Amino acid sequence: MGKNIETFGQLTNMLKLIADTSPTYKKIAMYINDNYLQIVFMTTNELAEQVGVSQGSISRFFMALGYRGYNDFLQNLQNIVSKELTAPKRLQFTEKHGVKDKYMHSIFDNELANMEKLGSIMETDNYKKIVDMIASDRQLILMSARMSATIVPYVRYILNKMRNMVYEYKPSTPQWDTVELMDPEKVNIMAVMFPRYPHVLVEKCQRLKEKGFHIYGITDSEFSPLIECSDAAVCVPLTVSSIFDIYSTPMIFFNILLRDAAKKIPGISMRMDKIEKIELQNKVYY
572 MGKNIETFGQ LTNMLKLIAD TSPTYKKIAM YINDNYLQIV FMTTNELAEQ
622 VGVSQGSISR FFMALGYRGY NDFLQNLQNI VSKELTAPKR LQFTEKHGVK
672 DKYMHSIFDN ELANMEKLGS IMETDNYKKI VDMIASDRQL ILMSARMSAT
722 IVPYVRYILN KMRNMVYEYK PSTPQWDTVE LMDPEKVNIM AVMFPRYPHV
772 LVEKCQRLKE KGFHIYGITD SEFSPLIECS DAAVCVPLTV SSIFDIYSTP
822 MIFFNILLRD AAKKIPGISM RMDKIEKIEL QNKVYY
């Protein structure tokens with residue numbers, strides 16, 4: 572158990588089962604159930620201190636749940652509560668717990684763990700399909716909304732150097748409103764969707780899927796609504812144990828993704844040389 576928990580209700584049921592196995596586990600389970608949002612910002616030592624048990628008991632508890640340890644559980648918990656962790660709530664909890672250097676170390680640990688997962692993501696069939704899609708000569712539309720959309724200009728900037736016909740569509744623009752009028756067989760769509768999932772993006776992807784468009788998704792979880800809308804999708808973890816979501820792992824992912832796609836684009840070296848000459852002629856850089 573443990574690994575496939577996607578809602579707080581499932582987490583509660585899991586905690587109830589483990590609580591019946593020992594008084595110590597019951598104590599830990601009850602604390603987690605009552606303070607799950609605060610726990611996102613806690614280290615192992617702090618959790619043990621708050622519950623009043625040893626660190627060894629904490630480790631054994633999470634292993635009994637089916638996790639490799641506390642940090643493994645913490646990443647699953649972050650996915651569960653990502654929709655509930657609004658910025659005001661995060662600020663409230665971080666102020667309550669006095670976030671200082673020790674919490675920064677916890678964030679760094681989470682980010683390192685996230686980045687270590689990129690290697691296995693790159694070995695998946697869906698990743699390879701997305702690489703091939705980017706390297707194709709079919710028109711490519713990048714779609715996202717709200718916080719997730721802050722990554723898209725970076726991706727588009729690099730893609731524009733790599734190939735032709737790359738466009739960025741945002742909500743409340745004419746292009747966004749009329750994309751359904753395009754021929755689904757002449758365009759690919761890459762959607763970027765991280766928590767909290769915007770309704771406007773979810774509903775747009777659902778409509779496009781119904782009309783036969785080919786959608787390739789970059790999201791954070793197998794339970795993301797983007798998964799069922801996509802021809803192929805990959806899940807890239809991000810850290811939510813801060814006031815705002817941390818996008819360093821997705822940024823590294825996109826850099827690697829674009830690098831791998833560039834290797835498959837014919838004549839890209841010649842194209843890059845031409846771009847460099849144009850930039851030199853126009854004195855683009857200081």
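Note that our numbering has the sequence shown beginning at 572, numbered continuously upward.
We treat Cβ as the ideally placed atom computed from N, Cα and C, and that holds for glycine.
Keep in mind the model is a prediction, meaning the values are calculated, not measured.
So, helix, strand or coil for residue i, using DSSP?
| i | result |
| --- | --- |
| Y818 | coil |
| A804 | strand |
| K671 | Note that K671 has pLDDT 49, beneath the 50 cutoff, so the model's placement of it is unreliable and the number below is only indicative. Here K671 sits in coil by DSSP. |
| L713 | strand |
| T790 | strand |
| I651 | helix |
| T810 | strand |
| I827 | helix |
| V758 | strand |
| V763 | strand |
| R842 | helix |
| M753 | coil |
| V773 | helix |
| N853 | coil |
| R778 | helix |
| L797 | coil |
| Y768 | coil |
| Y641 | helix |
Buried or exposed: where does residue i fall if 16 or more other Cβ atoms within 10 Å of its Cβ makes it buried?
| i | result |
| --- | --- |
| K587 | exposed |
| K671 | Annotation note: pLDDT 49 at K671 (below 50); position unreliable, coordinate value reported separately. Exposed. |
| Q649 | buried |
| I610 | buried |
| V750 | buried |
| M613 | buried |
| N681 | buried |
| V855 | exposed |
| P724 | exposed |
| K775 | buried |
| E739 | buried |
| D816 | buried |
| I849 | exposed |
| T592 | exposed |
| F644 | buried |
Note the first and the last residue of the continuous alpha helix (DSSP H) segment covering residue i.
| i | result |
| --- | --- |
| E620 | 615-622 |
| Y725 | 723-733 |
| I836 | Element bounds for I836: n/a, residue is neither H nor E. |
| M704 | 696-706 |
| I597 | Ile is not the amino acid found at residue 597; the sequence shown has Lys there. Residues 594-610. |
| T749 | 745-749 |
| G627 | 626-635 |
| L689 | 689-693 |
Can you give me the start and stop residues for the beta strand (DSSP E) that residue i sits inside?
| i | result |
| --- | --- |
| E739 | 737-740 |
| N584 | Element bounds for N584: not the beta strand (DSSP E) but the alpha helix (DSSP H), 579-590. |
| A720 | Counting along the chain, A720 falls outside any beta strand (DSSP E), and DSSP gives it neither H nor E. |
Report the CB separation of residue i from residue j in whole angstroms; it is logged as a contact under 8 Å.
| i | j | result |
| --- | --- | --- |
| Y787 | I701 | 5 Å |
| M843 | K732 | 7 Å |
| F633 | G640 | 6 Å |
| A803 | T790 | In fact, because the Cβ distance is near 12 Å, the residues do not count as touching under 8 Å. |
| A832 | L797 | At roughly 20 Å, the Cβ-Cβ gap does not stay under 8 Å, so A832 and L797 are not in contact. |
| K598 | V624 | 6 Å |
| L772 | M718 | Incorrect: roughly 11 Å between the Cβ atoms, too far for contact. |
Using the DSSP secondary-structure output, state which residues sit across from residue i in a beta bridge.
| i | result |
| --- | --- |
| H785 | N759 |
Should residue i be flagged as near chain C, meaning a C-beta pair shorter than 9 Å?
| i | result |
| --- | --- |
| L829 | Here chain C cannot be found, since the structure has a single protein chain. |
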